[in-house]
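Asks: Here you go, one structure.
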Amino acid sequence: MTLLKWKNHHIQDVEVNLLLNALKERYGYDFTGYARASLKRRLLALTHDFEVQHLSQLIPIVLYDEAVAQTVINSISVPTSDFFRDPSVWYYLRNTVLPRLASFPRINIWQVGCGYGQEAYSLAILLYETGLLKRSRLFSSDINPLFLDKARLGCWSVRHKQQWNDNYIHAGGMGDFADFFIESETVIRIRDEFKQPIEFIQHNLVVDDVFKEMQLVVCRNVLLYFGNALQEHVVNLLTRSLERGGFLLLGRGENIVDLAKKHPQLTLLDSSLQLYRKRIGSS
Ligand SMILES: C[S@@+](CC[C@H](N)C(=O)[O-])C[C@H]1O[C@@H](n2cnc3c(N)ncnc32)[C@H](O)[C@@H]1O
Numbered sequence: 042m043t044l045l046k047w048k049n050h051h052i053q054d055v056e057v058n059l060l061l062n063a064l065k066e067r068y069g070y071d072f073t074g075y076a077r078a079s080l081k082r083r084l085l086a087l088t089h090d091f092e093v094q095h096l097s098q099l100i101p102i103v104l105y106d107e108a109v110a111q112t113v114i115n116s117i118s119v120p121t122s123d124f125f126r127d128p129s130v131w132y133y134l135r136n137t138v139l140p141r142l143a144s145f146p147r148i149n150i151w152q153v154g155c156g157y158g159q160e161a162y163s164l165a166i167l168l169y170e171t172g173l174l175k176r177s178r179l180f181s182s183d184i185n186p187l188f189l190d191k192a193r194l195g196c197w198s199v200r201h202k203q204q205w206n207d208n209y210i211h212a213g214g215m216g217d218f219a220d221f222f223i224e225s226e227t228v229i230r231i232r233d234e235f236k237q238p239i240e241f242i243q244h245n246l247v248v249d250d251v252f253k254e255m256q257l258v259v260c261r262n263v264l265l266y267f268g269n270a271l272q273e274h275v276v277n278l279l280t281r282s283l284e285r286g287g288f289l290l291l292g293r294g295e296n297i298v299d300l301a302k303k304h305p306q307l308t309l310l311d312s313s314l315q316l317y318r319k320r321i322g323s324s
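Note that my numbering has the sequence shown beginning at 42, numbered continuously upward.
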């Protein structure tokens, strides 16, 4: 019955605007610049979960019930991730990008949008295997404090292990993936030595400032949730965070039209990997 009610239901723009304004005014989360189509899909799913006929019915609940608001925020900020997601990208990082960073006495890396931490720990493993971990500072950020808590914990269901192991091998992994974890019947927990070099920080790309003097910025599968104007703003922020000659890695599916044209400080190194470099001569 509930499903039938929900099935033909449409969300109106005015309801989306009102809900986003409620989240912004009441909780300080500004999702107004996010891409509307995918946002609407997720909000429609929420009307199903909460069994309301119209999205607008959620607005008063969101205003007065922080737990519901958090559920809405969580569903907008999608933490989906994997260890060594898109292994060929990691293979390239290992064999081409990191050797170029090896000459720096100190390597600063900003990993943006960490979800539950898999990408940050993948970087730590890669740096360890290339002998660069001790010289590296890894900043890993996300808008969502609950995701950051989970990332700090470094603990995931054991059922992902096989797939992550396969990714690691295809990424050119040199050891045994299981060696980086302590395993119990239900979970795998990252070893402490890979936690220590990572600083998990709450940072909102919409309103917060740059990270300074980064040699590598990894921002994958975040921009695809943003509208054009917000993408522009964020690419600017990421570019300003890079040192000259530093690398910017976006998600493979994030083929942002004319990015290098709109941001002349960046050179596209590889379009299939979405890897850019900040020009040495740029100011
Ligand atoms: C799909 S996950 C990507 C995880 C990882 N980068 C990867 O590619 O596997 C997107 C992450 O971006 C975060 N995010 C969304 N909006 C953000 C914002 N305005 N500022 C910072 N992080 C944001 C979400 O909370 C989520 O954890």
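Cβ atoms here follow ideal geometry from the backbone N, Cα and C, with glycine treated the same way.
#1: Might you give, ordered along the chain, the residues of its own chain that have their beta carbon closer than 7 Å to the beta carbon of leucine 310, omitting 5 neighbours on each side?
#2: Pop quiz: leucine 173 and alanine 161 are said to be a contact at Cβ under 8 Å. What is the actual Cβ separation, rounded to whole angstroms?
#3: Within 10 angstroms of its Cβ, does asparagine 58 collect 16 or more other Cβ (buried), or is it exposed?
#4: Here's a check: name, in chain order, each residue in its chain whose Cβ is nearer than 7 Å to the Cβ of arginine 232, leaving out the five neighbours to either side.
#5: By how many angstroms is the C-alpha of lysine 303 removed from the C-alpha of glutamine 98?
#6: Looking only at its own chain, which residues have a Cβ that is under 8 Å from the Cβ of alanine 270, when we skip the five neighbours before and after it?
#7: Are the CB atoms of serine 181 and glycine 214 nearer to each other than 8 Å?
#8: Just checking, does the region 285–296 make contact with the region 256–263 on the three C-beta pairs under 8 Å criterion?
#9: Restricting to runs no shorter than 3 residues, where is the beta strand (DSSP E) found entirely within the region 183–248?
#10: Does tyrosine 162 come out as helix, strand or coil in the three-state DSSP assignment?
#11: Distance check for tryptophan 205 and valine 199, CA to CA, integer angstroms please.
#12: List the endpoints of the continuous beta strand (DSSP E) containing arginine 285.
#13: Where does leucine 45 sit, in a helix, a strand or coil, going by DSSP?
#14: The beta strand (DSSP E) spanning tyrosine 317 covers which residue range?
#15: Helix, strand or coil for isoleucine 297, going by three-state DSSP, please let me know.
Replies: In short:
#1: Leu316, Tyr317, Arg318
#2: With a Cβ gap of about 15 Å, leucine 173 and alanine 161 do not count as contacting.
#3: exposed
#4: Phe221, Phe222, Ile223
#5: 41 Å
#6: Gly74
#7: no
#8: yes
#9: 196–198, 222–224, 228–231, 239–243
#10: helix
#11: 10 Å
#12: 283–291
#13: The predicted model places leucine 45 with a pLDDT of 43, which falls under 50 and marks its position as unreliable, so this point remains unresolved.
#14: 316–319
#15: coil
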